[in-house]
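Residue numbers (UniProt numbering), protein chains in the order written: chain D, 1 to 130; chain U, 1 to 130.
Read through the structure below, which is laid out as structure tokens, and then see the notes.
There are 2 protein chains.
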Amino acid sequence: MTEPHQLGVAQRLLANDTFDKKCAYRPIMDQVTNRWSTLIVAALMGGPYRFSALHGRVGGISEKMLSQNLKALVRYGLVARDVEPTVPPQVTYSLTELGVSLAGPLTELLGWFGRHRDELFAAQGRYDEG
Amino acid sequence: MTEPHQLGVAQRLLANDTFDKKCAYRPIMDQVTNRWSTLIVAALMGGPYRFSALHGRVGGISEKMLSQNLKALVRYGLVARDVEPTVPPQVTYSLTELGVSLAGPLTELLGWFGRHRDELFAAQGRYDEG
DNA sequence: CAGCATCCGACACGATACTG
DNA sequence: CAGTATCGTGTCGGATGCTG
């Protein structure tokens, strides 16, 4: 039941050249779905966070990558950056409305990997054996 | 209405450490959501394809990357590889059941980028100006 | 036809050190 | 606190040429 519908959607998308590699928003999508940005967006779903809090929350990310990816996310309007001009400075990051709207599809994708984790590992194991 | 639910889901996922960087399936997710694999899976939603057909369909991909990514997708059980022992050889690729189940979330994500393309570009333009 | 081997440049990423 | 600068390494990914 879901299958034919999904295939139909895919066909339409392909027919309209909507996600071909040449399509102009692919670089943005590559950036947003990369290793770190997904985790950062996910972390920000929990509410606004300051730089160091985010750094602790995203587990394993370097300051450089956090800074770099945050900059990109701000650039695409997915994350808001609020600076409190105090000493020491306080910078708070939060999802914009656009960022929140991305959270849905992203969470679904992440959820899929969570649900099918075992099957993926099993297939990987089988492949590496034989 | 969707917002609080999504945030709740995210919170639960984070609380369970389900998509932290350290989480074991992240490497698989990185592979599957990378630049080419998403396009390959999308192309295969249209039905089974042979190597060269797929190569033409995915637009811009090199044979090396197609081969490499197909191998990874086969390894994770998302794509099936059927060899017809003829001369010349015929190799057909298709989505497995697992692959089809991934198509849903993936299509949603791709659809999101299609729908919000203009906002992303606008934000990018604004950022690069000021 | 369906690929693998090789070379090579570009960039992602981490570690370390430094700044307002 | 919230970053930036610099360096070094590894991987990504394209181009080319070759094989069964």
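For every residue, glycine included, the Cβ atom is placed at its ideal position computed from N, Cα and C.
Contact check, L109 of chain U vs L109 of chain D, beta carbons under 8 Å = yes
The beta strand (DSSP E) enclosing S94 of chain D, as first and last residue numbers = Q90 to L95
Secondary structure, beta strand (DSSP E): runs of 3+ residues fully inside the UniProt domain "HTH hxlR-type" (23-121) of chain U = 79-84 and 90-95
inquiry  = Excluding the 5 residues flanking L81 of chain U on each side, which residues of the same chain have their C-beta closer than 7 Å to its C-beta?
reply    = Per the sequence shown, residue 81 of chain U should be read as Arg rather than Leu. These residues qualify, in order along the chain: V74, V91 and Y93.
query = In terms of alpha-carbon separation, which member of D:G111, D:G130, D:L102 and D:V83 lies closest to Y49 of chain D?
reply = D:V83
query = Which term fits A24 of chain U, buried or exposed, when burial requires 16 or more other beta carbons within 10 angstroms of its beta carbon?
reply = exposed
request  = Please check if any C-beta of chain D sits within less than 8 Å of the C-beta of T33 of chain U.
outcome  = yes
ask   = To the nearest whole angstrom, what separates the beta carbons of T38 of chain U and L120 of chain U, a pair I think is in contact under 8 Å?
value = Incorrect: roughly 17 Å between the Cβ atoms, too far for contact.
task = Output, in sequence order along the chain, the residues in the stretch 108-119 of chain U whose CB is closer than 8 Å to any CB in chain D.
result = E108, L109, L110, G111, W112, F113, G114, H116, R117 and E119
Pair within 8 Å by beta-carbon distance, M29 of chain D and F113 of chain U = yes
message = Rounding to the nearest angstrom, what Cα-Cα distance links P27 of chain U and A123 of chain U in this structure?
response = 30 Å
inquiry  = Here's the rule: buried if 16 or more other CB atoms are within 10 angstroms of the residue's CB, otherwise exposed. What is S67 of chain U?
reply    = exposed
query = In the structure shown, what three-state DSSP assignment does H5 of chain D receive?
reply = Residue placement at H5 of chain D cannot be trusted, given a pLDDT of 48 that sits under 50; what the coordinates show is reported in the next sentence. Residue state, collapsed to three classes: helix.
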